Amino acid sequence: MALSICINSVLHDNCGKSLCQASGAEKRMKGAMPPVETSQHDTDEVTAAVKRVAAIPAGPFQERRRHPVMLSLLSRMASGVPAAVDTAGNLVAWFAGASVEAPLIFSAHLDTVFPLDTVEITEDEEAVYGPGVADDASGLAALAWLAGKLRHLPGKRTKSVLFAFTVGEEGSGGLRGIRHLLDFLLGRNDDHSLERLLPAGARSRPAALIAIDGTLGSIVSRGLHIKRRKMTWRGPGGHSWGAAGSPSAISAAAAAIARIGRIRVRPGHTTVNTGVISGGTSVNTIAPECSAEIEVRSVSGKRAAAVMTRVERTARESASASGIAVRIETLDERPGGATRSSHPCVRLLVESMRRFSIKPSFAVSSTEANAAMAEGIPALATGVVQASGAHTEAEKFFKSSLPQGLQLLLSYAAALLG
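Per this note's numbering, the sequence shown starts with residue 24, numbered consecutively.
(1) Closer than 8 Å by C-beta to residue 382: which residues in its own chain qualify, once you throw out the five before and the five after it? Chain order, please.
(2) DSSP on residue 356, reduced to helix/strand/coil?
(3) What are the start and end residues of the alpha helix (DSSP H) that includes residue 335?
(4) Need the endpoints of the alpha helix (DSSP H) that residue 289 sits in, please.
(5) So, for residue 360: in the same chain, excluding its five sequence neighbours on each side, which residues have a beta-carbon less than 6 Å away from its beta-carbon?
(6) Suppose the cutoff is 7 Å on Cβ atoms and the five residues either side in sequence are ignored; what does the same chain contact list for residue 412 look like?
(7) Taking DSSP as the reference, what is the three-state secondary structure of residue 393?
(8) Roughly how many angstroms separate the alpha carbons of residue 440 and residue 243, rounded to a whole number?
(9) Please check the pair residue 403 and residue 392, which I expect to be a contact at CB under 8 Å, by giving their CB distance rounded to whole angstroms.
(10) Cα-Cα, which of 204, 374, 401, 122 is closest to residue 366?
(11) By Cβ distance, which residues of its chain are closer than 6 Å to residue 251, with the 5 residues on each side in sequence left out?
(12) Which of the three DSSP states is assigned to residue 117 in this structure?
(13) Would you grab the beta carbon distance between residue 320 and residue 249 for me? Rounded to a whole angstrom, and I think it's under 8 Å.
(14) Give me the Cα-Cα distance between residue 254 and residue 174, rounded to the nearest whole angstrom.
(15) According to the Cβ coordinates, are residue 236 and residue 159 closer than 7 Å?
(16) Closer than 7 Å by C-beta to residue 426: which residues in its own chain qualify, once you throw out the five before and the five after it? Chain order, please.
(17) Do residue 345 and residue 309 come within 7 Å of each other at the CB atom, strictly closer than that value?
(18) Are residue 120 and residue 182 closer than 7 Å when you measure CB to CB?
(19) In or out: residue 126 buried (at least 16 other Cβ within 10 Å) or exposed?
(20) If you run the structure through DSSP and keep just helix, strand and coil, what is residue 247?
(21) Please classify residue 63: is it buried, with 16 or more other beta-carbons within 10 angstroms of its beta-carbon, or exposed?
(22) Per the contact definition of three or more C-beta pairs closer than 8 Å, is the stretch 323-333 in contact with the stretch 225-235?
(23) Nearest by alpha-carbon distance to residue 407: which of 233, 296, 313, 394 is it?
(24) Output the residue ranges of the alpha helix (DSSP H) runs that lie fully inside the stretch 211-257 and measure 4 residues or longer, sorted by chain position.
(25) My parser needs the alpha helix (DSSP H) runs of 4 or more residues fully inside the stretch 108-171; what are they?
(26) For residue 165, which residues of its own chain have a beta-carbon under 8 Å away from its beta-carbon, when the five flanking residues on both sides are left out?
(27) Going by beta carbon distance, what residues of the same chain come within less than 8 Å of residue 238, once the five residues before and after it are set aside?
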């Protein structure tokens, strides 16, 4: 998950046919839908699940370490719901409704931002503390719980659900997990594990994707376009005295990074960030190599592309002026998009929040919903807890927010599923 930017309204793009006719669900939200109930047991169970998941380190490309605990949670909290691990490493579970076509996807990501070897999770009366407890252990635990609770709602659900516990959301993961799943559903790849899990007809365009990733009250219905590059400058190196005057890869990189930092951007619209830099051999060696990882984010795909073009040109000009070479590698290309604020999947969430006296806060961010938005599939991201310190080792979620978050999630899911 990325830091979000609050906005007053959400613009444009997706108006998926499969949920655009959701008048029945919207009528239920206005009073006909039976009330959903959660208990202290539910809260305690999900809190314990969050701590179990968060205690297992799962940095980028280490997500499979969490498969056993997630399978255990599904077995206990959603007994009888079938699940499988696909070839990308996603853990996928299937909840069958009356119709298997155009399923609804609920997703949460397995990976964390930190490649930590050990994680310490602590708790007091106010909060649960530890890296990844909110982002996104809270989403993982809440969806395992939801998969079980849906089975006990009165009546038969109209739509079916794919619960996707995904890989590759953080860092340089490139949304590879959710992209793999969407490619399969849209007929662009094959996956025998998913073919065995899903009934005939389920491999179809999803009705919508709801990512449980963020804070309680947030509605991320606009996704940022993101471009990431690794740039590596290489020179001859040499002894700091004996080869004095030879070009330094660090100096060339520093000159480029300084110029890149002066590229004019518009906060709230487009940003440029140099997030990682490394290089050099020793204090008395002219640096033969230096690398930097640079990111551009924008609400506009065209603007993101234009700014990254300038970044790359600046890197090449700096290398040329210094008489050394530079290599530019693509780390990530994340598509953006938007779901209309008038779309039922957004309106139903707003109504659900108001039902529980939660103030909706629209935001722009980068989440798994981006991948669906880019396909024209209605999508958004929201959360089930109030939290602070995301992407730091001081992350925590406030325990008092979880009961309301679970009520909201169950009510919203019931309304969407019909």
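Glycine included, every Cβ here is placed at the ideal spot set by N, Cα and C. The structure presented is a predicted model; accordingly, all values stated were derived computationally and were not measured.
In short:
(1) As a working mapping, residue 382 is identified with position 359 in the sequence shown. Excluding positions up to five away in sequence, the list reads 240, 376.
(2) By one-based count along the sequence shown, residue 356 stands at place 333. DSSP places residue 356 in strand when its eight states are reduced to three.
(3) In the sequence shown, the residue the question calls residue 335 occupies position 312. Per DSSP, residue 335 belongs to the alpha helix (DSSP H) from 324-345.
(4) The count along the sequence shown starts at 1 and reaches residue 289 at position 266. Premise fails: residue 289 is in no alpha helix (DSSP H) and is neither H nor E.
(5) As a first step, residue 360 is located in the sequence shown; it is residue number 337 there, counting from the start. Same-chain partners within the cutoff: 36, 246, 396, 397.
(6) Against the sequence shown, residue 412 aligns to sequence position 389. So the list reads 418, 419, once near-sequence residues are dropped.
(7) The sequence position of residue 393 within the sequence shown is 370, counting from 1. Three-state result, residue 393: helix.
(8) Working through the sequence shown from its first residue, we reach residue 440 at position 417. Working through the sequence shown from its first residue, we reach residue 243 at position 220. Their Cα atoms are separated by approximately 20 Å.
(9) Counting from one through the sequence shown, the residue named residue 403 turns up at place 380. Counting from one through the sequence shown, the residue named residue 392 turns up at place 369. So it is a contact: roughly 6 Å between Cβ atoms.
(10) Translated into the one-based positions of the sequence shown, residue 366 becomes position 343. Nearest of 204, 374, 401, 122 to residue 366, Cα basis: 401.
(11) Looking up residue 251 in the sequence shown gives position 228. Correct list, in chain order: 318, 354, 355.
(12) Numbered from 1 along the sequence shown, position 94 holds the residue referred to as residue 117. It is a strand residue.
(13) Translated into positions along the sequence shown, residue 320 becomes position 297. Translated into positions along the sequence shown, residue 249 becomes position 226. That pair is a contact at about 5 Å.
(14) In the sequence shown, counting from the first residue as 1, residue 254 sits at position 231. In the sequence shown, counting from the first residue as 1, residue 174 sits at position 151. Between residue 254 and residue 174, the C-alpha separation is close to 51 Å.
(15) The sequence position of residue 236 within the sequence shown is 213, counting from 1. The sequence position of residue 159 within the sequence shown is 136, counting from 1. Yes; because the gap between Cβ atoms is below 7 Å, this pair is in contact.
(16) As a working note, residue 426 is residue 403 in the sequence shown. 61, 66.
(17) As a working note, residue 309 is residue 286 in the sequence shown. As a working note, residue 345 is residue 322 in the sequence shown. Result no, Cβ atoms of residue 309 and residue 345 do not sit closer than 7 Å.
(18) On the sequence shown, residue 120 is found 97 positions in, with the first residue counted as 1. On the sequence shown, residue 182 is found 159 positions in, with the first residue counted as 1. Yes. Within cutoff.
(19) By one-based count along the sequence shown, residue 126 stands at place 103. It counts as buried.
(20) Counting from one through the sequence shown, the residue named residue 247 turns up at place 224. Of the three classes helix, strand and coil, the one that applies to residue 247 here is coil, per DSSP.
(21) Position 40 of the sequence shown holds residue 63. Exposed, because fewer than 16 other Cβ atoms sit within 10 Å of the Cβ of residue 63.
(22) no
(23) Residue 407 sits at position 384 when you count from the first residue of the sequence shown. Comparing Cα positions, the closest option is 233.
(24) 215-220
(25) none
(26) Counting from one through the sequence shown, the residue named residue 165 turns up at place 142. Counting only Cβ-Cβ distances below 8 Å, and skipping sequence neighbours, we find 69, 131, 235, 407, 428, 429, 432.
(27) By 1-based counting over the sequence shown, the position of residue 238 is 215. Counting only Cβ-Cβ distances below 8 Å, and skipping sequence neighbours, we find 157, 406, 408, 409, 410.
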